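Okay, structure first, notes after.
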């Protein structure tokens, strides 16, 4: 005999305890430390900070541990923590020309003022499993130079701009919008679009960016410059009234040079796509720049035909915390709605049975 | 109660922002008010909109009831109830009549609600026109112009194809003669309860960042046609536990030979009836 199901509460508690056990894994194996994650799984931590919209490597590393390496889950943990934090204001725009560069490459010029700086990259490595890494031997030391880098490295796109070959970067006035404190409205300005792209899902943006390269909203991109390093954050606290440096953050910036436009009034110029993310996330920064440019279709009188050019489509679906929530909520009980559908379907079938085919 | 968090988790600025949205929703019944939905510590789709509305309403002396699919003990109802016990130290109840605030997913309690009570419904897709027009920019225009013909066309097409309106839950209704709203995925069985309800009904959609409301005693009319009037589901058998014939039933599969059992989806309603001595025949034992 059926009795109404009880005991949901105890089952949930037991499930949480089981999760904690599984997270720990075999107790004979030492537990991974948050420091180890922060130091050795840096790119995972970077992604969690970028899509979590919170620059806090230690907290992001802990979230990676708590989520058992499920980065979207870690991003979600960071977002929920972010909700509880107060907002003090807006920093001054980052001066990335003066950032402490760790890597800087341009695909548009062989040599550039300040030089191409390869830095730490997977780009030219052979993707062969390195069995030595299974052991614990320390890496060989990389060679260092006695020369120091220039403190200011001009942006490649500024060099093009000096000749008028590329559109001027847009100057925003007033405070930038913030879609975490005000509901997003369409059409959205570029500041809001860039914010959404910066915290959007890397995989989603990658696929959209890729689609533009394959002809769904083509923009003829060149990687003008990609740079990664630490930039200083300047902020003016209200009580001080003058600007102070409050710290440095590691960011990757990508400036794309895209197909040119011109009109009877203005000679043809290249156009820009921009990407900026926390940490060393070059794939994400590049995808962001490509999608940013695709979303500027209206500005250049381009017909919006592809998904990557469709602002409502891109901005409404880029957030992986929203996406995963709604997809996974299908796991929640839907007995009531399903029962309502069953009842109708049974009735329709019964009616069909009662009515011979020819009279229908 | 966890003192590390503000009462009911949200900070007071956020609560004020949500209360403003609620006031606007109350002032324009059925209108979807955009609000700056926050990321909550439970996933989108689990009721973040309802949780934010509830969090902004709760006072220390409130008594909270949380149900999912009509039941107090479904996993998500348990989880949300515990969240408010933990962050607000609030008193909770399963008794529909005792509750001052009831948060629900997919059902409206069978026990009629009274004055002073607030029903908070969790909403996945607040836009009743969304599956007819995917663009928000378009649907907002359609609401502004009260251009709801497309919805009637959809219902008509159902009748042409199936002989019935094939919408069985989240059945669209018009509030106070103006806005058409999505009552959230409640079975259409519950739609009549929306009408002239003495309690305030608030709808929160977290992921979609919208809040809307039905004022106490408002007229709520489910869309239909003169020759195809709105009707609700009816069950051929009574609840197998309490014998009730007027409640929405869950179907329980008992074995792999097709044995089915139908029981009340509203656990409070069903257990009250059984406590009053009503048995499977609906008769007093």
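Residue numbers (this note's numbering), protein chains in the order written: chain A, 1 to 360; chain B, 361 to 645. Glycine included, each C-beta is placed from N, C-alpha and C at the ideal position. Please read all numbers here as calculations on a predicted model, not as lab measurements.
Range covered by the beta strand (DSSP E) that runs through residue i
| i | result |
| --- | --- |
| residue 611 of chain B | 609-613 |
| residue 533 of chain B | 533-535 |
| residue 582 of chain B | 580-582 |
| residue 99 of chain A | That residue, residue 99 of chain A, is in no beta strand (DSSP E); it is neither H nor E in DSSP. |
| residue 622 of chain B | 620-624 |
| residue 386 of chain B | Unbroken run through residue 386 of chain B is the alpha helix (DSSP H), 372-387; no beta strand (DSSP E). |
| residue 539 of chain B | 539-541 |
For residue i, the residue or residues it bridges with in DSSP
| i | result |
| --- | --- |
| residue 226 of chain A | A:105, A:254 |
| residue 561 of chain B | B:479, B:574 |
| residue 269 of chain A | A:261 |
| residue 547 of chain B | B:529 |
| residue 463 of chain B | B:426, B:480 |
| residue 321 of chain A | Residue 321 of chain A is not bridged to any residue. |
| residue 233 of chain A | A:247 |
| residue 394 of chain B | B:570 |
| residue 166 of chain A | A:270 |
| residue 275 of chain A | A:254 |
| residue 117 of chain A | A:104 |
| residue 369 of chain B | B:366 |
| residue 585 of chain B | B:588 |
| residue 451 of chain B | B:423 |
| residue 431 of chain B | B:428 |
Nearest neighbour of residue i, chosen from the options [CA to CA]
| i | options | result |
| --- | --- | --- |
| residue 267 of chain A | A:53, A:97, A:165 | A:165 |
| residue 481 of chain B | B:525, B:430, B:454, B:501 | B:430 |
| residue 147 of chain A | A:201, A:237, A:80, A:114 | A:114 |
| residue 588 of chain B | B:540, B:519, B:453 | B:519 |
| residue 335 of chain A | B:472, B:466, B:477, B:509 | B:466 |
| residue 184 of chain A | B:365, B:391, B:566, B:627 | B:566 |
| residue 372 of chain B | B:409, B:407, B:419 | B:419 |
| residue 55 of chain A | A:230, A:308, A:312 | A:230 |
| residue 626 of chain B | B:398, B:594, B:511, B:428 | B:428 |
| residue 103 of chain A | A:243, A:253, A:314, A:227 | A:227 |
| residue 450 of chain B | B:514, B:369, B:553 | B:369 |
| residue 611 of chain B | B:620, B:605, B:604, B:603 | B:620 |
| residue 361 of chain A | A:224, A:248, A:225, A:223 | The first residue shown for chain A is 1 and the last is 360, placing residue 361 of chain A beyond what the model contains. |
| residue 602 of chain B | B:632, B:595, B:580 | B:632 |
| residue 295 of chain A | A:89, A:211, A:133, A:14 | A:211 |
| residue 404 of chain B | A:319, A:205, A:216, A:209 | A:319 |
Nearest-angstrom Cα separation, counted from residue j out to residue i
| i | j | result |
| --- | --- | --- |
| residue 298 of chain A | residue 485 of chain B | 29 Å |
| residue 645 of chain B | residue 460 of chain B | In this prediction, residue 645 of chain B scores a pLDDT of 48, lower than 50, which makes its location untrustworthy; no coordinate-derived value is stated. |
| residue 1 of chain A | residue 306 of chain A | Note that residue 1 of chain A has pLDDT 48, beneath the 50 cutoff, so the model's placement of it is unreliable and the number below is only indicative. Approximately 57 Å between the Cα atoms of the pair. |
| residue 172 of chain A | residue 274 of chain A | 14 Å |
| residue 617 of chain B | residue 586 of chain B | 42 Å |
| residue 310 of chain A | residue 455 of chain B | 48 Å |
| residue 53 of chain A | residue 572 of chain B | 29 Å |
| residue 4 of chain A | residue 32 of chain A | Note that residue 4 of chain A scores a pLDDT of 47, beneath 50, so its modelled location is shaky and nothing firm can be said. |
| residue 359 of chain A | residue 352 of chain A | Residue confidence for residue 359 of chain A is low, a pLDDT of 49 falling below 50, so the modelled location carries little weight; the figure read from the coordinates is stated next. Cα to Cα, residue 359 of chain A sits roughly 10 Å from residue 352 of chain A. |
| residue 271 of chain A | residue 92 of chain A | 25 Å |
| residue 149 of chain A | residue 106 of chain A | 16 Å |
| residue 280 of chain A | residue 48 of chain A | 12 Å |
| residue 539 of chain B | residue 551 of chain B | 15 Å |
| residue 511 of chain B | residue 435 of chain B | 35 Å |
| residue 349 of chain A | residue 300 of chain A | 55 Å |
| residue 128 of chain A | residue 70 of chain A | 25 Å |
| residue 153 of chain A | residue 94 of chain A | 14 Å |
| residue 398 of chain B | residue 546 of chain B | 25 Å |
| residue 365 of chain B | residue 325 of chain A | 23 Å |
| residue 68 of chain A | residue 60 of chain A | 12 Å |
| residue 438 of chain B | residue 139 of chain A | 51 Å |
| residue 525 of chain B | residue 607 of chain B | 21 Å |
| residue 20 of chain A | residue 29 of chain A | 15 Å |
Closer than 7 Å: residue i CB and nearest the ligand NAD heavy atom
| i | result |
| --- | --- |
| residue 630 of chain B | The ligand NAD is not among the ligands present in this structure, which contains no ligands whatsoever. |
Range of the contiguous alpha helix (DSSP H) that encloses residue i
| i | result |
| --- | --- |
| residue 62 of chain A | 57-66 |
| residue 590 of chain B | First-last for residue 590 of chain B: undefined, no H or E at that position. |
| residue 8 of chain A | 8-24 |
| residue 646 of chain B | It is not possible to answer for residue 646 of chain B, since the shown part of chain B is limited to 361 through 645. |
| residue 485 of chain B | From DSSP, residue 485 of chain B is part of no alpha helix (DSSP H); its letter is neither H nor E. |
| residue 408 of chain B | 408-417 |
| residue 179 of chain A | No alpha helix (DSSP H) contains residue 179 of chain A, which DSSP labels as neither H nor E. |
Beta carbons nearer than 7 Å to chain A: which residues of the segment 426-459 of chain B have them? 428, 429, 430, 433, 434, 435, 436, 438, 439
### Task
Output, in sequence order along the chain, the residues in the segment 496-514 of chain B whose CB is closer than 7 Å to any CB in chain A.
Flagged, chain order: 496, 497.
| query | Given a limit of 8 Å on CB to CB distance, which residues of the segment 169-191 of chain A reach chain B? | reply | Residues of the segment 169-191 of chain A whose Cβ lies closer than 8 Å to any Cβ of chain B, in chain order: 180, 181, 182, 183, 184, 185, 186, 187.
- Message: Beta carbons nearer than 8 Å to chain B: which residues of the segment 78-95 of chain A have them?
- Response: 79, 80, 82, 83, 84, 86
- Query: Given a limit of 8 Å on CB to CB distance, which residues of the segment 615-645 of chain B reach chain A?
  - Reply: 621, 623, 625, 627, 630, 631
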